[in-house]
Amino acid sequence: MYRKANFGHPIGWGRKVGIVVVDMTRAFVEDRFALGSAKMGQAALRGIARLLEVARPIPLPVCFTKMVPFRNRTEAGRWYDSCPGIFGRPDDPAAHESAAIPPEIAPRPDEPVIVKGKPSAFFGTQLHSMLTYHNVDTLVVTGMVTSGCVRATVDDAFSHDYRVIIPEECVADRAEVPHRVNLFDMEMISADVVPLDAVLAHLRGLDRAV
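For this note's numbering, add 96 to where a residue sits in the sequence shown, where the first one is 1.
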């Protein structure tokens, strides 16, 4: 069916690359937190660290996102109905600890950290404006979880006409099935899903060009 419908053509790279790290917080990479999946999350964390090690010296614009405990039901919106308490209480130190970005990929002073309230990194945030400021036309999307906030961010990036690249080793989910299914579906329509080594090779080429 996909071949018949002519899905899955590579989108390719554009002229200016930016990186967004979606919700890569301790909540998702440590098993002691309710949302955590260390088995998959730690692997993605290592992949993102490798990516940033190459991207930062070029330098490429990097933006992080995260979610923090909602102060009330109005802030939570439908999260309150579908997943009550998912991000913890604002008076709980553990909830704020879970929202911390791991030191392996800690944002630098010139790398914005966007606090978002919904799945997409674009919804109600300045991300698009920040990327436009840097003339980004190609967005490398990383983080967690593949079937949730990563997928929502990829769909919105595609809707904004970014070329979207997903380094396969830099995204993760709580389970393998939704991870694989969503990667496949995004690759058919809205993104190029490629090995991290291929992304690093392309970025190193940019560094030489500079």
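Idealized CB from N, CA, C, for every residue including glycine.
These numbers were taken from a predicted model, which means no experiment stands behind them.
DSSP places Asp288 in the uninterrupted beta strand (DSSP E) bounded by Asp288 to Val290. In this chain, the alpha helix (DSSP H) harbouring Gly143 covers Ala134 to Ala151. Short of 7 Å from the beta carbon of Cys266, and not among the five residues preceding or following it, lie these beta carbons of its own chain, in chain order: Ala140, Gly143, Ile144, Leu147, Thr238 and Leu292.
The alpha-carbon of Ala268 is positioned some 21 Å away from that of Thr234. In the structure shown, the three-state DSSP call for Gly104 is coil.
In the structure shown, Leu156 falls within a coil segment according to DSSP collapsed to helix, strand and coil. Minimum Cα-Cα distance from Pro274 among the listed residues Asp119, Ser243, Gly108 and Asp251 corresponds to Ser243. Residues of the same chain with a CB within less than 6 Å of the CB of Asp288, apart from the 5 flanking positions on each side, are Pro106, Ile107 and Ile261 in chain order.
The three-state secondary structure of Ile261, taken from DSSP, is strand. In chain order, Asn278 place their CB closer than 6 Å to the CB of Arg247, counting only its own chain and leaving out the 5 sequence neighbours on each side.
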